[in-house]
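A quick write-up on the structure given underneath.
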Amino acid sequence: MEHPHCGSTSGSVGTFHRPTGSLVYSPGPSDRDLGAPARRSVLLLDDDPSVRRDLGELFRLSGYAVRSFSTARELLAYRRPEGPACLVLDVMLPDANGLDVQRHLAKTDPDLPVVLITGHMDDSLRARALGSGAFAFLAKPLEWSALRREIQQAFAWIS
Numbered sequence: 021m022e023h024p025h026c027g028s029t030s031g032s033v034g035t036f037h038r039p040t041g042s043l044v045y046s047p048g049p050s051d052r053d054l055g056a057p058a059r060r061s062v063l064l065l066d067d068d069p070s071v072r073r074d075l076g077e078l079f080r081l082s083g084y085a086v087r088s089f090s091t092a093r094e095l096l097a098y099r100r101p102e103g104p105a106c107l108v109l110d111v112m113l114p115d116a117n118g119l120d121v122q123r124h125l126a127k128t129d130p131d132l133p134v135v136l137i138t139g140h141m142d143d144s145l146r147a148r149a150l151g152s153g154a155f156a157f158l159a160k161p162l163e164w165s166a167l168r169r170e171i172q173q174a175f176a177w178i179s
């Protein structure tokens, strides 16, 4: 499915994963391990309202609960409900740097995998993102199938 905010190139070009076994992220027990039904949520932080609307709708159509934020302040004030969740986080935000937000979350919410997205991909940024514990890093324009695959892998990783 081609989407206005998602490119139509195939493959995982621009997709980078951090290595497994990272000391930054230590997944705890999942809801499935605790006997509770798994409710998968995608948190989406992007300052562009059309990205939030369009990606939010695509995630909802894929069966995820979605909570969108326009600023880092909104996200950091939010207390996420129990259950598996993944954050899609834009690097360029009006009130913060997405890498700083990701580093903060790696310490305060280590069970939350973060997929960083940016329109300004370069090797230095990729290395800093993955080195600070990001689950994946995708270049804009996003390919919907690649983003969906990353979200699925993030949920499999925390399960």
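Heads up, the sequence shown is in our numbering, so the first residue is 21 and it goes up one at a time. Glycine included, each C-beta is placed from N, C-alpha and C at the ideal position.
In terms of residues, what are the limits of the alpha helix (DSSP H) holding Ser144? 143-151
Span separating the alpha-carbon of Phe155 from that of Val111
14 Å
- Task: State the Cα-Cα distance for the pair Pro265 and Ser144, rounded to the nearest angstrom.
- Result: Any question about residue 265 goes unanswered here, given that the chain covers just 21 to 179.
Quick check: the region 102-122 against the region 131-151, are there 3 or more CB pairs under 8 Å? yes
| query | Helix, strand or coil: how does DSSP classify Phe155 here? | reply | coil
Hey, quick one: how far does the beta strand (DSSP E) through Asp110 stretch, first residue to last? 105-110
ask   = Among Cys106, Thr128, Met141, which has the Cα closest to the Cα of Ala176?
value = Cys106
Q. Around the Cβ of Pro114, are there at least 16 other Cβ atoms within 10 angstroms (buried) or fewer (exposed)?
A. exposed
Per DSSP, which residues does Val62 bridge with? Please list them.
Val86, Cys106
* Within 8 Å, strictly: CB atoms of Arg146 and Phe157 -> yes
Would you tell me roughly how many angstroms separate the C-alpha atoms of His140 and Ile171, rounded to the nearest one? 21 Å
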